[in-house]
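Contents: one structure, followed by commentary.
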Amino acid sequence: MDVASEQTGPNGIDWPPTLRAEVESTAPPRRPWWLTTGPAYLTILVWAPFFDSLWRHDLARAGLWPLAGTAVLSAVICFGLFYYPLAMWGYRTGRRLGVVASSTFGTDGSEWLTGVLLALAQIVWYAVAIDYAVDATFRGLAACGLLPPSVLEPWRIGPLALRGPLFLATALFWIFITGMAALLRLNSVIAALMKVYSPFAAVLLTLCALWLARGVSGFDPAAALAALGPERATRGPSMIAIATGFFAVAGLMAVDWGAASARRRDVVVGGLAGIVLAGTWTALMSLIVVAGAAARLQGVHLDRPAEVAPAPGLSFRWAVVSGLRGWPAGVLLLLFGLAALAPACFTSYLFIRKLFARWPGIRRIDWGWIGCSVAFLLVATGWPGRLESVADVMGLIFAPAVGAMAGDRLRQQGRWAGIRVGVNPAGAAAWGAGIVAQPALDFLAERGSLPLESVLASPVAGLVVAAGAYLLFAALGMEEPSTAVETAPGGSGEYEALAGSPADPPGPASR
Numbered sequence: 412m413d414v415a416s417e418q419t420g421p422n423g424i425d426w427p428p429t430l431r432a433e434v435e436s437t438a439p440p441r442r443p444w445w446l447t448t449g450p451a452y453l454t455i456l457v458w459a460p461f462f463d464s465l466w467r468h469d470l471a472r473a474g475l476w477p478l479a480g481t482a483v484l485s486a487v488i489c490f491g492l493f494y495y496p497l498a499m500w501g502y503r504t505g506r507r508l509g510v511v512a513s514s515t516f517g518t519d520g521s522e523w524l525t526g527v528l529l530a531l532a533q534i535v536w537y538a539v540a541i542d543y544a545v546d547a548t549f550r551g552l553a554a555c556g557l558l559p560p561s562v563l564e565p566w567r568i569g570p571l572a573l574r575g576p577l578f579l580a581t582a583l584f585w586i587f588i589t590g591m592a593a594l595l596r597l598n599s600v601i602a603a604l605m606k607v608y609s610p611f612a613a614v615l616l617t618l619c620a621l622w623l624a625r626g627v628s629g630f631d632p633a634a635a636l637a638a639l640g641p642e643r644a645t646r647g648p649s650m651i652a653i654a655t656g657f658f659a660v661a662g663l664m665a666v667d668w669g670a671a672s673a674r675r676r677d678v679v680v681g682g683l684a685g686i687v688l689a690g691t692w693t694a695l696m697s698l699i700v701v702a703g704a705a706a707r708l709q710g711v712h713l714d715r716p717a718e719v720a721p722a723p724g725l726s727f728r729w730a731v732v733s734g735l736r737g738w739p740a741g742v743l744l745l746l747f748g749l750a751a752l753a754p755a756c757f758t759s760y761l762f763i764r765k766l767f768a769r770w771p772g773i774r775r776i777d778w779g780w781i782g783c784s785v786a787f788l789l790v791a792t793g794w795p796g797r798l799e800s801v802a803d804v805m806g807l808i809f810a811p812a813v814g815a816m817a818g819d820r821l822r823q824q825g826r827w828a829g830i831r832v833g834v835n836p837a838g839a840a841a842w843g844a845g846i847v848a849q850p851a852l853d854f855l856a857e858r859g860s861l862p863l864e865s866v867l868a869s870p871v872a873g874l875v876v877a878a879g880a881y882l883l884f885a886a887l888g889m890e891e892p893s894t895a896v897e898t899a900p901g902g903s904g905e906y907e908a909l910a911g912s913p914a915d916p917p918g919p920a921s922r
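Just so you know, our numbering puts 874 at position 463 of the sequence shown, and the rest follows in order with no gaps.
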């Protein structure tokens with residue numbers, strides 16, 4: 412461990428660097444839900460990469476009404492399992508994610524999971540934002556006849572298939588712009604971008620759904636199957652698996668948003684508005700767009716490539732290009748492409764902050780360019796454009812982390828035990844059990860021997876298994892003893908947790 416880690420920090424504990432920075436920082440300001448949780452989760456759930464591939468496989472499996480119910484169910488799952496338990500923990504302690512998670516994983520385990528690993532996840536999301544923005548922009552220009560469709564064809568260098576030169580040059584430009592915004596610490600500008608982006612993207616999606624809604628009544632799942640083209644035989648993840656995979660990282664970070672909530676009801680109302688309402692609306696609007704496009708094109712050789720370089724069948728981009736065509740499709744894709752860039756500024760800010768906190772010996776600007784370079788290499792491979800694969804990886808890693816923390820909270824009956832120095836074997840083993848469980852259940856789903864496949868073959872299973880495993884391992888004595896630390900920073904809900912009172916905590920937050 413480095414020198415900084417060996418120095419005794421607050422409460423006489425040898426805090427790792429990232430956790431030291433968190434515990435020494437001031438508590439996040441307490442604000443109402445419409446300034447914190449609501450807009451934060453709205454931004455995630457109206458982000459085009461989130462809803463682009465939601466319905467690619469489920470549309471060929473069921474009718475529209477069952478799928479509409481799936482949209483509601485997935486939003487409720489994200490709220491009830493991924494968000495609420497951790498958000499309430501953050502609210503009660505007033506502490507940030509790394510410190511709260513040290514109860515479950517230990518100080519060293521939390522340092523690597525909620526610090527380094529989460530920073531790497533933000534680099535991936537940064538690459539997804541850049542890749543989607545450039546891809547949608549180029550498809551929009553091609554739909555308008557301003558670029559040849561060949562700009563989206565891969566650039567082959569021997570056995571490698573990379574993004575084309577023009578694509579990479581544009582991606583490099585946007586990486587420079589968004590990376591500089593984070594390095595210059597333009598936090599207020601980034602926050603303003605996010606506030607403008609969210610309602611703008613929601614309105615765009617709704618307008619697109621209204622445009623294509625007339626064809627929905629004629630939707631036929633068989634036509635949707637044909638729209639998959641060469642991929643029609645591929646067994647893909649369900650909408651619930653994609654949605655919860657994308658949401659897993661946001662669920663883990665619910666601790667921070669709970670800590671920033673003024674009252675308990677802000678945690679609940681903010682989650683209901685930003686996750687259940689926004690998530691359901693986004694999923695339903697994207698369902699109407701894709702189903703409407705498929706219905707319009709029934710009997711028009713759906714398996715042929717579109718006029719523009721083909722997008723994945725039954726994706727949102729495919730629906731816009733195939734259902735609207737021409738200038739309307741081009742303008743909408745251009746707008747969605749530009750709107751997708753706003754989260755790039757936020758994710759770059761996050762990974763720079765976390766990596767610099769872990770290794771402060773490397774300058775902040777160097778971490779910025781290291782992260783941006785890694786993102787550019789990812790974009791060059793085209794992997795961030797495979798949105799289902801990204802959701803699968805994120806759900807595999809982070810859903811069990813959410814589950815292990817939920818199991819720890821359940822064991823403590825909603826209270827926070829304090830930190831556990833080093834690595835907590837119960838938390839690490841529970842996280843591992845959740846990671847192993849999901850591929851095993853996916854294997855059973857592929858063999859057709861798994862009930863409730865859309866739920867069990869998803870990150871939900873990893874979360875539930877990890878929560879149960881933590882309770883089991885803790886009962887078997889694998890849980891490290893906790894160390895009390897000075898909690899309840901000003902205005903936190905820890906007073907309420909200790910007293911067991913439903914009233915709001917004393918202090919500024921209750922006024």
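A virtual CB, placed ideally from N, CA and C, is assigned to each residue, including glycine.
Item: With a threshold of 16 other CB atoms inside 10 Å of the CB of P716, please say whether the residue is buried or exposed.; Value: In this prediction, P716 has a pLDDT of 42, which is less than 50 and means its spatial position is unreliable; nothing more can be read from the coordinates.
Item: What would DSSP say about L529, mapped onto helix, strand or coil?; Value: helix
Item: Which residue's Cα is closest to the Cα of F884: D853, G873, F854 and G838?; Value: G838
Item: Just curious, the alpha helix (DSSP H) that L761 is in, first and last residue?; Value: A753 to R769
Item: By Cβ distance, which residues of its chain are closer than 6 Å to F658, with the 5 residues on each side in sequence left out?; Value: C489 and F493
Item: Count the other C-beta atoms from every protein chain shown that fall within 10 angstroms of the C-beta of S513, then say buried if there are 16 or more, exposed otherwise.; Value: buried
Item: Helix, strand or coil: how does DSSP classify T894 here?; Value: strand
Item: Less than 7 Å separating the beta-carbons of P460 and V545?; Value: no
Item: Cα separation between I406 and G509?; Value: Outside the displayed span of the chain (412 to 922) sits residue 406, for which this structure offers no information.
Item: Less than 7 Å between the C-beta atoms of L615 and L746, yes or no?; Value: yes
Item: Around the Cβ of V607, are there at least 16 other Cβ atoms within 10 angstroms (buried) or fewer (exposed)?; Value: exposed
Item: Determine the DSSP secondary structure at R715, reduced to helix, strand or coil.; Value: Low local confidence applies: a pLDDT of 46 at R715 is under 50, so the model's placement there is unreliable, and no value is given.
Item: Would you mind giving the Cβ-Cβ distance between G626 and G741, rounded to the nearest angstrom? I have them listed as a contact below 8 Å.; Value: No, G626 and G741 are not in contact; Cβ-Cβ is about 20 Å, not under 8 Å.
Item: Taking only the alpha-carbon atoms, compute the straight-line gap between V678 and L531 and give it to the nearest angstrom.; Value: 27 Å
Item: I'd like to know whether the C-beta of E522 is nearer than 7 Å to at least one C-beta of chain D.; Value: Here chain D cannot be found, since the structure has a single protein chain.
Item: Near V790, what residues of its chain come up, given a Cβ to Cβ distance below 6 Å and the 5 sequence neighbours on each side ignored?; Value: A538, I541, D542 and A582
Item: Between which two residues does the alpha helix (DSSP H) carrying I568 extend?; Value: First-last for I568: W566 to I568, but that is the beta strand (DSSP E), not the alpha helix (DSSP H).
Item: Would you say the region 456-471 touches the region 691-706, given that touching needs at least three Cβ pairs under 8 Å?; Value: yes
Item: Between M650 and L465, how many whole angstroms is the CB-CB distance? I'm expecting something under 8 Å.; Value: 5 Å
Item: Quick one: which unbroken alpha helix (DSSP H) runs of 4-plus residues sit fully inside the region 854-897? Chain order, please.; Value: 864-867 and 870-886
Item: Quick one: what's got a C-beta closer than 6 Å to F809's C-beta in the same chain, skipping five residues either side?; Value: A659, V660 and L663
Item: Out of G782, A750 and A592, point me to the one whose CA is closest to A547's CA.; Value: A750
Item: Just list the residues that DSSP pairs L571 with in beta bridges.; Value: I568
Item: Contact defined as beta carbons within less than 8 Å: I believe I686 pairs with A486. What is the distance between those atoms, to the nearest angstrom?; Value: 6 Å
Item: Evaluate G517 with the Cβ neighbour count: other Cβ atoms within 10 Å of its Cβ, from every protein chain shown; 16 or more gives buried, anything less gives exposed.; Value: buried
Item: Is it true that the region 552-572 meets the region 720-737, where meeting means three or more beta-carbon pairs spaced less than 8 Å apart?; Value: yes
Item: Quick one: using the 10 Å Cβ neighbour count with 16 as the cut-off for buried, is Q849 buried or exposed?; Value: buried
Item: Pull up the CB-CB distance for G526 and V511, whole angstroms please, since I reckon it's below 8 Å.; Value: Contact doesn't hold; Cβ gap of about 13 Å is too wide.
Item: Residues in its own chain within less than 7 Å of P427 by CB, not counting five upstream and five downstream?; Value: S416, T518, D519 and E522
Item: Give me whichever residues DSSP pairs with S672 in a beta bridge.; Value: R442
Item: Quick one: what's I830 bridged to in DSSP?; Value: T894
Item: Alpha carbon to alpha carbon, how far is W794 from L725?; Value: 19 Å
Item: What residues in its chain sit with their C-beta under 6 Å from that of F767, if we drop five residues either side in the sequence?; Value: R775 and W778
Item: I need the boundaries of the alpha helix (DSSP H) containing G805, first residue and last residue.; Value: Gly is not the amino acid found at residue 805; the sequence shown has Met there. Note, M805: alpha helix (DSSP H), L798 to R822.
Item: Rounded to the nearest angstrom, what separates G728 and L743 at their Cα positions?; Value: It is Arg, not Gly, that sits at residue 728 in the sequence shown. Rounded to the nearest angstrom, the two C-alpha atoms are 10 Å apart.
Item: Quick one: complete alpha helix (DSSP H) runs, 4+ long, within the region 468-550?; Value: 475-488, 495-504 and 508-521
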